[in-house]
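All letters in the sequence shown, in the order written, are residues 131 to 273 by the working numbering.
We treat Cβ as the ideally placed atom computed from N, Cα and C, and that holds for glycine.
Source: prediction; values computed, not measured.
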Amino acid sequence: MSQPDSGLAEIKAIVRSANDSVQRDGDFALFERLYAQDYIDHTPFGDFAPDRSGTRMIYETFRAAFASWHADIHQQIAEGDLVTTYKTYRGRHDGNFLGISPTGREIHFAVIDIMRVRNGQITDHWAVADAMGLFTQLGATTG
């Protein structure tokens, strides 16, 4: 199902708001409006639930553990009701993160994610993330 260019710009803006206003700025009232009640995370992070409450907990966990948490968006491509975003997450590890004590290290890791947007809300998410790169920077891996 293809959308006119204005519709594609709109769904890209919704995903950008999720990155900037929710993840970076902590606007969880906006999270409640942007993420559909039946939202599914098809590739959840760690042991977090694959639903909207699990995704909210992921965002809260990263924001609490990493000062200046944000994503540098390098590219967004929209087609139909899907938005693919290539980005680099960045922050300083100043809080506990999944049992890893603060290191004070500046971290960064790449992510490519796809979000489905229907009726102005994010309904689905898929991602490929360099989690090994993140944990290596935190000193949580060997080799």
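DSSP state of residue i, grouped into three classes?
i           : result
residue 265 : helix
residue 248 : strand
residue 184 : helix
residue 208 : strand
residue 196 : strand
residue 143 : helix
residue 222 : strand
residue 150 : helix
What do you get for residue i, buried or exposed, if any count of 16 or more other CB atoms within 10 angstroms of its CB means buried?
i           : result
residue 148 : buried
residue 221 : buried
residue 204 : exposed
residue 264 : buried
residue 193 : buried
residue 235 : exposed
residue 258 : exposed
residue 195 : buried
Would you kindly check if the distance between the Cβ of residue j and the Cβ of residue i is under 8 Å?
i           : j           : result
residue 241 : residue 213 : no
residue 216 : residue 239 : no
residue 146 : residue 165 : no
residue 230 : residue 270 : yes
residue 170 : residue 178 : no
residue 243 : residue 141 : no
residue 245 : residue 237 : no
When the Cα of residue i is compared with those of the options, which residue comes out closest?
i           : options               : result
residue 152 : 225, 173 and 199      : 199
residue 173 : 255, 161, 190 and 268 : 255
residue 224 : 250, 243, 253 and 191 : 191
residue 168 : 176, 157, 180 and 189 : 180
residue 202 : 176, 250, 162 and 150 : 150
residue 138 : 163, 155 and 209      : 209
residue 159 : 211, 140 and 186      : 186
So who's on the other strand from residue i, going by DSSP bridges?
i           : result
residue 172 : According to DSSP, residue 172 bridges with nothing at all.
residue 236 : 222
residue 214 : 207 and 244
residue 254 : 170 and 246
Is residue i close to the ligand FMN? I mean its beta-carbon at under 7 Å from any heavy atom of the ligand.
i           : result
residue 154 : Among the components of this structure there are no ligands whatsoever, and the ligand FMN is therefore not found.
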